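For the record, in the sequence shown the residue sitting at position 109 is 109 according to the UniProt record's numbering, with numbers rising by one throughout. Positions of the beta carbon are idealized from the N, C-alpha and C atoms, including for glycine. Everything numeric in this text was worked out from a predicted model, so none of it was measured.
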Amino acid sequence: ERITQTVEITKHVVDIEEKGVKLRLTIVDTPGFGDAVNNTECWKPVADYIDQQFEQYFRDESGLNRKNIQDNRVHCCIYFISPFGHGYGQPLPGRGCWGGGLVGWCSLGFPRRLRPLDVEFMRALHQRVNIVPVLAKADTLTPAEVERMKKKIREDIDHYGIRIYQFPECDSDEDEEFKLQDQALK
């Protein structure tokens, strides 16, 4: 009998207080995402969860008692892009790379582009929630590799018409170090 891999949705609630401002942050984790052999529509439980939270908030807002509404909507998706695994495109020179057909990867596993699963997930969710793509485990790469991967990932995001969150511009009165950090994040 075939066992199907499911995407589990786990919520963690953290109360944060900074400079007198209290914030309840709910982190929704999706262990199991992309781990199955067949990942067809594995993003669907995540999209359904986001839609359910918006529908519940709309129902609460439309009701008569709106004083104690709890906002469980998903406002931001931090999407971790693996620096390892199967990617497609041109491999880095000098990495002992090989490939066949459209798929090409290095023995170290550095992808050159977004995986089809990444593209499918972000395209399914970018209309629903702000997506912030993050290169996971970037500290295991050289600065040159990080820059090349970020460039290729940005090209793919543009090519596939994926809308991602655009960080706002810094205020002109910010110090130079902060401005440099802000620019590096973009």
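What residue from the options has the CA that sits closest to residue i's CA?
{"i": "V119", "options": "N39, G20, L25 and T30", "result": "N39"}
{"i": "T30", "options": "G20, V46, K22 and K19", "result": "V46"}
{"i": "A184", "options": "I157, Q52, T140 and K150", "result": "K150"}
{"i": "R81", "options": "F33, K44 and L64", "result": "According to the sequence displayed, residue 81 carries Ile and not Arg. It is F33 whose Cα lies nearest to the Cα of I81."}
In its own chain, which residues sit with a C-beta less than 7 Å from the C-beta of residue i, not counting the 5 before and 5 after it?
{"i": "Y160", "result": "V119 and R123"}
{"i": "F178", "result": "C170"}
{"i": "P168", "result": "none"}
{"i": "Q53", "result": "N72, R73 and V74"}
Give the C-beta separation of residue i and residue j to the nearest angstrom, bearing in mind that I take them to be a contact with Cβ-Cβ under 8 Å.
{"i": "I164", "j": "P133", "result": "6 Å"}
{"i": "H126", "j": "I162", "result": "5 Å"}
{"i": "I50", "j": "R128", "result": "5 Å"}
Determine the direct distance from the alpha carbon of residue j to that of residue i, and round the result to whole angstroms.
{"i": "S172", "j": "L180", "result": "12 Å"}
{"i": "D182", "j": "E147", "result": "16 Å"}
{"i": "P83", "j": "E155", "result": "16 Å"}
{"i": "R113", "j": "R66", "result": "46 Å"}
{"i": "V28", "j": "T10", "result": "6 Å"}
{"i": "R59", "j": "R24", "result": "21 Å"}
{"i": "N130", "j": "A136", "result": "18 Å"}
{"i": "E8", "j": "E17", "result": "29 Å"}
{"i": "P93", "j": "D48", "result": "Reliability fails at P93, whose pLDDT of 38 lies under 50, so the model's placement of it is uncertain and the value that follows must be treated cautiously. Between P93 and D48, the C-alpha separation is close to 42 Å."}
{"i": "D15", "j": "D158", "result": "36 Å"}
{"i": "G20", "j": "P143", "result": "38 Å"}
{"i": "Q166", "j": "E176", "result": "20 Å"}
{"i": "D139", "j": "G63", "result": "48 Å"}
{"i": "E61", "j": "L141", "result": "47 Å"}
Excluding the five sequence neighbours on either side, which residues of its own chain have a C-beta within less than 6 Å of the C-beta of residue i, listed in chain order?
{"i": "V13", "result": "T26"}
{"i": "Q56", "result": "none"}
{"i": "E174", "result": "none"}
{"i": "E145", "result": "none"}
{"i": "K44", "result": "none"}
What does a CB cutoff of less than 8 Å around residue i pick up in its chain, not counting 5 residues either side in sequence?
{"i": "K22", "result": "D15 and I16"}
**Asked** Taking three-plus beta-carbon pairs below 8 Å as touching, is the stretch 122-131 in contact with the stretch 71-87?
**Response** yes
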